[in-house]
Structures are given as C-alpha cells and as structure tokens.
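To start, the structure under review is shown below, and the notes come after it.
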Amino acid sequence: MSPELWQILGLYLLAVNVATLWVMGVDKARSRKGRWRISEKALFLPAVLGGGLGGVLGMHLFHHKTRHWYFRWGFPLLLVLQVAGLVWLALRFGPWPLF
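Take 150 as the starting number for the sequence shown in our numbering and just add one per residue.
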C-alpha cells in the first residue's frame, strides 16, 4: 500500500476518533443539563466506522455510558477489531510508514 493511502487512512482514523470522542462529550453534557440526547445508535455509528478508540476514551474521560453492557463491552471490542484490522493491513500490504 502506498504511503499516501496510509496517510489518508491515518487522517480518516484520527478524524473519526475525534468525532466519536466529541459526540460522547456532547451527549454527556446534554445528559447533565437534562436536554435532548443523542441516540445510542448515533453514538455507536462513528465507533463502528473506525472510532473505537474515541469511544473508549469518551467512556473513561466523561464517565459516560459505563453502566450499559453493550457500550462497556462493545467499544473495547470494536477497538480490538479495528487494531487487528490495521495489523492485518500492515502485514498484508506493507508496514505503516513512520515518516
């Protein structure tokens, strides 16, 4: 895989993880204020699209959705699957360029 494709993948993963973290923070802020909430499906969507790390960080930083088993197990499982996918890509198509 060309270095450019790795860069695009890296930027995509950075963006989707930041978005997942942001959505978790917004939903936690809304829950504290008793306002309209983001649906659980909408919280899971960016995590499924590559934002597993952002979801796990959001759960811990904001102490949000930590009592729901499907978040407590789902986000870490998604993260493990996403890391495994990156490892597979690196082994199959060449290592992630360091520069």
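Don't be surprised by glycine CBs; every beta carbon is placed ideally from N, CA and C.
- Look at residue 195 here: in three-state DSSP terms it is helix.
- The way I'd put it, the region 186 to 195 doesn't touch the region 150 to 158; fewer than three beta-carbon pairs between them come closer than 8 Å.
- The residue from 213, 202, 161 with its alpha-carbon nearest to that of residue 176 is 213.
- Following the DSSP letters along the chain, one finds residue 183 in no alpha helix (DSSP H), marked with neither H nor E.
- Per DSSP, reduced to three states, the secondary structure at residue 223 is helical.
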